[in-house]
Amino acid sequence: MHGVRFFYALTMFLFIPLLCHAEPLDENLYAFAAALYDQGDFRGAATEFKRYAFLHPDTVKGKIAEFKAGMSLYHAGDWPLAISTFSRIASGAFPEMASETGRWEGACHMLSACRRQLGDGPGAIQALQNIVSARPDPGAVDRAYYVMGWTFLEMGDAPPFANAIEAFTRMSPEAQPETSDALIQWLNTEGKNGWKSSALGGMLSLIPGAGYAYAGRYQDALVAALLNTGLILASVDAFEDGHAALGAVIGTVAFGFYSGNIYGGMQSVRKRNDARRKKMIETAVKRFKLRPIIRVNPSGKTFMPGFSVDFSI
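In our numbering, the protein residues as written are 5 to 317.
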């Protein structure tokens, strides 16, 4: 009996100090994760933020840590894993508690940002559309529409940019930037001039080199025309001279180059349009002093508007 009491007393003596220091140790863990983030060690920061969130799943700071783990993964370039993290935060209905709304909205925006990085335009738009559908507050809806408009522009909205313009015009009048009307008018003009059709480029490429010429790549058009014409004529001559096997081989090679000519003509048009789109967006940024407002604040407060893409925490 005395042995049991002694063992119990010894156990309490050893473990009470550890329990007293548990919370400071956890705070040190959070501070360590934040320090790693500040130093640019985003993968290390993600690991430590996840550890803190696991230890404190039901606390506000634990939920902020989970959000920051997602941000760390985003900056580390691990967008699929970041999507998994932000999807957990943004899953379910819109939170009723005001302290949760900022993280929920921020998670939707970060989901959109991750999908943009992966080239998933529809997925990026859907993440923003979730905010619009939930309608947490007018400001959140306006922010979603504003970023949605820029996402449409950057991810391939076809001229005349009807989707982007519609997103901008759906913002409430008081939330629209002062240059909004000028921007929409400019987009209407830009959407009508100087764009090429990749489908038409492919059709024109039935004539060797014509697709390249349509895209403004005249040197490539000349090479494609001469090469394809030469191979086709060589194949025909071989058959006429009774060299059926040689004609078949040359014809197979000619078909390959001809198919490549059609594909190349279409791709040339797409690349030309992409270059024009990039230049157009750069011009819009300088001319209208506008950029998507994505300043993430995981503490639950309203996003702060800005004129630059800012995923800082």
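Glycine residues also receive a C-beta, built at the ideal position from the N, C-alpha and C atoms. Predicted, not measured: the structure shown is a model, and the values here were computed from it.
Each residue's CA atom was taken as its position, placing residue 118 and residue 93 some 14 Å apart. The three-state reading of DSSP puts residue 234 in helix, counting H, G and I together. Shown here for residue 202: same chain residues with a beta carbon closer than 7 Å to its own, the five before and five after excluded, namely 270, 273, 274 in chain order.
Residue 83 carries a helical assignment under DSSP once its states are collapsed to helix, strand and coil. Remark: three or more beta-carbon pairs, one from each stretch, lie closer than 8 Å, so the region 74 to 86 and the region 32 to 51 are flagged as touching. Between the alpha carbons of residue 67 and residue 80 lies a distance of about 20 Å. Nearest C-alpha to residue 162 among 214, 197, 130, 173: 197. Under the three-state reduction of DSSP, residue 199 is assigned to coil, being neither helix nor strand.
A Cβ-Cβ separation of about 4 Å places residue 168 in contact with residue 156 under the 8 Å criterion. In the structure shown, residue 140 adopts coil according to DSSP, grouped into three states. One Cα belongs to residue 57, the other to residue 180, and the distance between them is close to 37 Å.
Residue 189: member of the alpha helix (DSSP H) spanning 184 to 194, first to last residue. Note on geometry: alpha-carbon atoms of residue 292 and residue 226 lie some 41 Å from one another. Under the DSSP assignment, residue 263 falls in the alpha helix (DSSP H) whose first and last residues are 248 to 292. Residue 63 sits in coil when the DSSP states are folded into three classes, being neither helix nor strand. Judged by DSSP in its simplified three-state form, residue 204 adopts helix. The C-alpha of residue 236 is placed about 52 Å away from the C-alpha of residue 132.
The beta carbon of residue 259 lies closer than 7 Å to none in the same chain, with the five residues before and after it left out. Counting along the chain, residue 169 sits inside the alpha helix (DSSP H) bounded by residues 166 to 173.
Ranking 193, 219, 86, 33 by CA distance to the CA of residue 204 puts 219 first.
Between the C-alpha atoms of residue 142 and residue 207 there is a straight-line separation of about 47 Å. For residue 111, the CB contacts under 6 Å within the same chain, skipping 5 residues up- and downstream, are 90, 93, 94 in chain order.
Taking C-beta atoms as the reference points, residue 55 and residue 33 count as a pair closer than 9 Å. For the pair residue 113 and residue 139, the CB atoms are not nearer than the 9 Å cut-off. Each of 70, 50, 288 was checked against the Cα of residue 186, and the nearest Cα belongs to 288. Per DSSP, the unbroken alpha helix (DSSP H) holding residue 217 starts and ends at 214 to 218. The DSSP-derived three-state label of residue 226 is helix.
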